[in-house]
Amino acid sequence: MSRECSREPTRRTFLQTVLCSASAALAGCSFDGGEGERGPTPRAESTPDPAETPSQDPGGPTPTESDPTATPEPVHPMAEEYDRAIDVVEEGVDPTGEIPIRDRLPDLGTDALLFLPEGRYLVDGGWDLSTFDRLALIGDGATLVPRDGYRGTMFYFAEDRETRSVHIEGVTFDFSADETGPRPMNLRATDELFVGDVAVKGSTRGVRFDVTDPDGRGEINRLRLTDGGLPGLNAVGCLVSPKNQGELVFEDCRIAGFPNNGLYASPSNGPVTVDGGQFTNNGIANVRVSGPSTVDGVTVTCDRAPEGFLNMRGIWLRGGRCTVENCEIELRTLTYSDGAVVGVWHGDLRNTDIRVDADEVPAISVKPGDDAGRSHSKVDQGITCTDVTIDGSAAKASTVLVTDYESCSFENISIHQSGANRDGLYLIRSDGAVVRDSVIGVTGQPIRAEDSSVERINVETTTLAPKSGSDSDSTPDASS
1 MSRECSREPT RRTFLQTVLC SASAALAGCS FDGGEGERGP TPRAESTPDP AETPSQDPGG
61 PTPTESDPTA TPEPVHPMAE EYDRAIDVVE EGVDPTGEIP IRDRLPDLGT DALLFLPEGR
121 YLVDGGWDLS TFDRLALIGD GATLVPRDGY RGTMFYFAED RETRSVHIEG VTFDFSADET
181 GPRPMNLRAT DELFVGDVAV KGSTRGVRFD VTDPDGRGEI NRLRLTDGGL PGLNAVGCLV
241 SPKNQGELVF EDCRIAGFPN NGLYASPSNG PVTVDGGQFT NNGIANVRVS GPSTVDGVTV
301 TCDRAPEGFL NMRGIWLRGG RCTVENCEIE LRTLTYSDGA VVGVWHGDLR NTDIRVDADE
361 VPAISVKPGD DAGRSHSKVD QGITCTDVTI DGSAAKASTV LVTDYESCSF ENISIHQSGA
421 NRDGLYLIRS DGAVVRDSVI GVTGQPIRAE DSSVERINVE TTTLAPKSGS DSDSTPDASS
């Protein structure tokens, strides 16, 4: 029998009284109502009404889920920055790549963010973005595919049209289908341009980016174009045109296998910074910029000789003040090349390692442009090379070639080239050069000066025996 049923009742709770009364009636237990008062019959114990009591189950509904006034979760952290932000799948877009994405999109207005969850999305033909003032297209494991055989441009702006801001991030373009290889992006903005974590699978016609206002800025982060250019089209990996007036920064990009330049940014009328990244086996130049520009922490490798690729330069500087620093450049195998760091420029080359195994290819070559070169016009603002290491097995020609440049400086330079008939520093019609605190070891002449003047301060030079199996007719530099 219940303990409550066997003792004198008190004025505790009416709930206990009623429950014990029911138990007593069933079990034959006597019950005294005390003062003769029986409380009202309460409701029996039961599970609380979920409509009256919020669920305490962590997996259950929260009060806001049934509240029509609750604020829904944004489709993306950047959603509040745009007038309209949608999850395209929630809007009915097909994530299997069968139905074109634009067939299911609602009216987006002119200021919109499109979030693409994981899936494949068909972009049928080109998508003219000229109607947008600001646009963000952000994926999370999203793949964009063209129709088979398409070779046009997928995202573009009509001629002489542009947007204020464009942001594309977190998508892969899949061009692996036969005879398919469009240009994925031709983007143009006045204020802000951002491309991040975008990859192209398969051959492509390359991309193009321009910021058209001098106060604008563009950032291209972790762009991956590693499957090369579409055969037969002389494709550029990434082009920056003369329309670019703003600042462009390329960070940790990878571009490989394009016949007509990897990163081709020398036409830019705004400053360009290349910060890190890998550029591999591109024709004409792997990285091509003009001043004011900085190339910092870049890795350039040429270890193949693709048929038809011309002049596989490492870094080509096409005028103005440029800085190249903290880079690694290797020219091992290639078709032919003007050199690892070349061009018409003034500025600094520092803290850079260069390896040249390809015969007759210089590590560094500076000279005026064609017109100036024919008249022997000189560049009166020289280059400064500091803490540069050059090694490798290249034979013939010169390791460093300076033509018609005044006042060049080489400090803490280490040159070791073991190929036959290889000279070190060769100056032509270049006065005022200084070589300081450097070591030069080559099979030819360590320093040659033709119609030039050069001052040597604490320079160690060595004429090496040619590598095994090669012949040398080099003559030691008597003045070294």
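Using full-length UniProt numbering, read the sequence shown as starting at 1 and increasing by one per residue.
All C-beta atoms in this analysis are idealised placements derived from N, C-alpha and C, irrespective of residue type, glycine included.
task: Give me the Cα-Cα distance between R167 and F194, rounded to the nearest whole angstrom.
output: Residue 167 is actually His in this sequence, not Arg. Straight across, the Cα-Cα distance linking H167 with F194 is about 5 Å.
query: For the candidate residues V341, T204 and P267, whose alpha-carbon lies nearest to that of V295?
result: That would be V341, whose Cα lies nearest to the Cα of V295.
- prompt: So what's T463 in DSSP terms, helix, strand or just coil?
  reply: Note: T463 maps to strand in three-state DSSP.
message: Whole angstroms are fine: how far does the CA of D210 sit from the CA of A51?
response: Any answer about A51 is weak, because its pLDDT of 40 lies below 50 and its placement is not dependable; what the coordinates show is given next. C-alpha separation (whole angstroms): 58 Å.
message: I'd like the ranges of any beta strand (DSSP E) spanning at least 3 consecutive residues and lying wholly in the stretch 355 to 400.
response: If we require 3 residues or more, the beta strand (DSSP E) runs fully inside the stretch 355 to 400 come out as 364 to 366 and 383 to 392.
message: Considering only the alpha carbon of each residue, which of V249, P146, I428 and N311 lies closest to residue 489?
response: The chain is shown only over 1 to 480; residue 489 falls outside these bounds and no answer can be derived.
field: Collapsed DSSP secondary structure at I101 in the structure displayed
entry: The three-state secondary structure of I101, taken from DSSP, is helix.
query: Which residues in the same chain as E406 place their Cβ atom closer than 7 Å to its Cβ, once the five residues preceding and following it in sequence are excluded?
result: Answer for E406: K378, V379, D380, G382, S430, D431 and G432, listed in chain order.
- request: Look up A305 in the DSSP assignment and say whether it is helix, strand or coil.
  value: Three-state DSSP puts A305 in coil, outside helix and strand.
query: When we look at the beta-carbon of G424 and count the other beta-carbons within 10 Å, is it buried (16 or more) or exposed?
result: Counting C-beta atoms within 10 angstroms of its own C-beta, G424 has 16 or more neighbours from the protein chains shown and is therefore classed as buried.
- prompt: beta strand (DSSP E) containing E328: first to last residue?
  reply: Annotation for E328: the continuous beta strand (DSSP E) segment containing it runs E328 to T333.
Where D357 falls, given that 16 or more other Cβ within 10 Å makes a residue buried: It is buried - the Cβ of D357 has at least 16 other Cβ atoms within 10 Å.
Neighbourhood of Y121 by C-beta, 8 Å cutoff - its chain only, sequence neighbours within 5 removed: Setting aside the 5 residues that flank it on each side, Y121 is surrounded in the same chain by V88, V93, D94, P95, G97, I101, A142, T143, L144 and V145, each with a C-beta closer than 8 Å to its C-beta; the list follows chain order.
message: Our contact map puts T280 next to K243 with C-beta atoms below 8 Å; I'd like the distance itself, whole angstroms only.
response: Rounded to whole angstroms, the Cβ separation of T280 and K243 is 28 Å, and the two are not in contact under 8 Å.
- prompt: From F115 to F309, what distance separates their C-alpha atoms?
  reply: In this structure, the alpha-carbon of F115 lies about 40 Å from that of F309.
- prompt: Taking just the CA atoms, how far does G228 sit from V435?
  reply: Going from the Cα of V435 to the Cα of G228 covers about 40 Å.
query: Alpha carbon to alpha carbon, what distance is there between A79 and S130?
result: Here the C-alpha atom of S130 lies approximately 21 Å from the C-alpha atom of A79.
message: Taking the beta carbon of T110 as the centre, do at least 16 other beta carbons fall within 10 Å, making it buried, or is it exposed?
response: Exposed, because fewer than 16 other Cβ atoms sit within 10 Å of the Cβ of T110.
- request: Could you confirm whether any beta carbon from chain B is found closer than 8 Å to the beta carbon of Y405?
  value: Here there is only one protein chain, and chain B is not present.
message: For residue 558, which residues in the same chain have their Cβ closer than 6 Å to its Cβ, ignoring the five residues on either side in sequence?
response: With the chain running from 1 to 480 in the structure shown, residue 558 is simply not present.
message: Comparing C-alpha positions only, which one of D215, E81, G392 and D348 sits nearest to T386?
response: Cα-wise, what sits closest to T386 is D348.
Pair within 8 Å by beta-carbon distance, S438 and G419: No; because the gap between Cβ atoms is not below 8 Å, this pair is not in contact.
query: What residue does the beta strand (DSSP E) around E219 start on, and which one ends it?
result: First-last of the beta strand (DSSP E) with E219: R217 to N221.
- request: Given a cut-off of 8 Å, decide if L225 and V249 are closer than it, judged by their beta-carbon atoms.
  value: Cβ atoms of V249 and L225: not closer than 8 Å.
query: Around the Cβ of P72, are there at least 16 other Cβ atoms within 10 angstroms (buried) or fewer (exposed)?
result: In the assembly as shown, P72 is an exposed residue. Its beta-carbon has fewer than 16 other beta-carbons within 10 Å.
- prompt: Which one or two residues does DSSP pair with C253 in a beta bridge?
  reply: Residue pairing by DSSP leaves C253 without any beta bridge partner.
Beta-carbon proximity list for D252, same chain, < 6 Å, skipping 5 on both sides: Cβ contact annotation for D252 (same chain, cutoff 6 Å, sequence separation greater than five): R222, G276 and G277, in chain order.
field: Beta-carbon proximity check, V236 vs N261, cutoff 8 Å
entry: Judged by their CB atoms, V236 and N261 are nearer to each other than the 8 Å cut-off.
field: Rounded distance between the beta-carbons of E330 and R355, thought under 8 Å
entry: So it is a contact: roughly 5 Å between Cβ atoms.
query: Terminal residues of the continuous beta strand (DSSP E) containing H416?
result: Segment S409 to Q417, the beta strand (DSSP E) holding H416.
message: Short of 8 Å in beta carbon distance, which residues of its chain neighbour L230, apart from the five on each side in sequence? Order them along the chain.
response: If we look at L230 and ignore the five residues flanking it on each side, its Cβ neighbours are R151, G181, S203, T204 and R205.
task: List the residues that DSSP assigns as beta-bridge partners of P146.
output: Bridge partners of P146: V123.
field: Where E80 falls: helix, strand or coil (DSSP)
entry: Under the three-state reduction of DSSP, E80 is assigned to helix.
- prompt: Roughly how many whole angstroms lie between the Cα atoms of T335 and A265?
  reply: Each residue's Cα considered, the two are about 23 Å apart.
message: Comparing C-alpha positions only, which one of R104, L108, L137 and G119 sits nearest to H76?
response: Comparing Cα positions, the closest option is L137.
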